[in-house]
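Residue numbers (this note's numbering): 1 to 318.
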C-alpha cells in the first residue's frame, strides 16, 4: 500500500485530483499506471452519448465508442467493467484503430467482459492499430462456422490472459493475423473449442515476424493444428510453455502449411493427440522449425505417459 505522504505528493503534483486518485487506485490494485486518460465501459449502466463521461459512475456502453474517445499513443486505458457484454454481428464490430491503447476486462470467469459473435464469417474484433493490449477478456463463438473472430493487423500488439469458448457449433479459425502483425504476443490465452469436427485452428499466423505464443492452453478438434502458419511464411515464430489437446483425427498440434516458416517450438510444449497410431513425429510439422528436445512431449492414448517428440536429433558435426 502507498504511504499517506506518497499519496499526498501525487495529489499535489497532479492538477486533477480525480486523476491522481485514479493513479493511486491503480497502484494499490496492481494495475498499470498511466499518465493518459482512463475510461470505463459497462453495457449494463453505460451510455454512448455526449453526456457520458466514461468514468466509473458514468461509463460508456460499448468498447468501440470508448476507443473513439481515446488519443493515439497517449497511454490511454479502457476498463471493461464486471458483467460487460456485447454481441458482435458485423465486420469490425469492435475496431481498435487508435494506437497505444490498453484494454482491461475486470472480473473473473463468467463475470469478465464478454464479446459474443453471432454472424458467421464477418463478425470480428479487430486489433487494427499498433501497440494495442487486450487483457482478461472472454470471446464466445455464438454461431457455427464463424471465422477470424479476433483479427490482428498491426504491430506490437498483445493478447494477455484472454480466452475463447465455442458456444454454438465450432469456429473455423479464431485468432488470425495479417502480415503486419509483427511481434504479436499471445500470453496466457485459453482456447476451449468444441469437440466436434469443424474447426481448423485456434491461431493462424500469416506472414508476420517474431510472434510469441506462450503459457497458453488449446483444446479443440483441429483439422490444421491448434497453431498454423498459413499463406505466407512466418519468421521466427516462438511457441513455448503451452498445452495442446486436439480431438481431430488429423492429429496435428502445430503446422506450417507454407513449408517455409521458421521458428522455435519449445521448451515445455505438451501435446495430446486423438489416435493411438504412428503420429508422434507428425504432431508438429514444419521442415524449417527448430524443435527443442527439452519438454516437447506427445501422448496419443489415454492411460499412457507422453514421450519426447521423436524428430531427428541434431549432431555435433565435425
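For every residue, glycine included, the Cβ atom is placed at its ideal position computed from N, Cα and C.
From a predicted model like this one, the values you see are computed outputs, not experimental measurements.
Selection from the options that minimises the alpha carbon distance to residue i
i	options	result
residue 251	266, 227, 260, 239	227
residue 114	88, 97, 95	88
residue 90	119, 163, 129, 143	119
residue 78	178, 245, 41	41
residue 137	160, 38, 223	160
residue 298	112, 235, 276, 49	276
residue 156	144, 235, 63, 127	127
residue 106	97, 85, 68	85
residue 167	142, 73, 246, 278	142
Buried versus exposed, by CB contacts within 10 Å (16 or more), residue i
i	result
residue 267	exposed
residue 135	buried
residue 101	buried
residue 300	buried
residue 132	buried
residue 304	exposed
residue 108	exposed
residue 302	exposed
residue 291	buried
Distance between beta carbons of residue j and residue i, contact taken as under 8 Å
i	j	result
residue 231	residue 273	Not a contact, Cβ separation roughly 25 Å.
residue 254	residue 225	5 Å
residue 149	residue 164	7 Å
residue 172	residue 199	6 Å
residue 249	residue 208	Actually they do not touch by this definition, with Cβ atoms about 30 Å apart.
residue 288	residue 261	6 Å
residue 195	residue 169	Wrong, their Cβ atoms sit about 12 Å apart, outside the cutoff.
residue 182	residue 210	6 Å
residue 59	residue 45	6 Å
Inter-residue spacing [alpha-carbon to alpha-carbon] between residue i and residue j
i	j	result
residue 123	residue 117	6 Å
residue 103	residue 189	15 Å
residue 294	residue 52	54 Å
residue 243	residue 221	14 Å
residue 55	residue 218	36 Å
residue 146	residue 185	23 Å
residue 111	residue 158	22 Å
residue 1	residue 125	A caution first: residue 1 carries a pLDDT of 45, below 50, which makes its placement in the model too unreliable to give a value.
residue 216	residue 37	31 Å
residue 307	residue 283	12 Å
Per DSSP, cross-strand counterpart(s) of residue i
i	result
residue 216	DSSP, once it has assigned bridges, lists no residue as partnering residue 216.
residue 58	55
residue 295	According to DSSP, residue 295 bridges with nothing at all.
residue 245	219, 272
residue 175	150, 203
residue 191	164, 218
residue 105	80
residue 263	237, 289
residue 138	114, 163
C-beta neighbour in chain C for residue i, strict 8 Å
i	result
residue 205	The chain inventory of the structure shown lacks chain C, comprising one protein chain alone.
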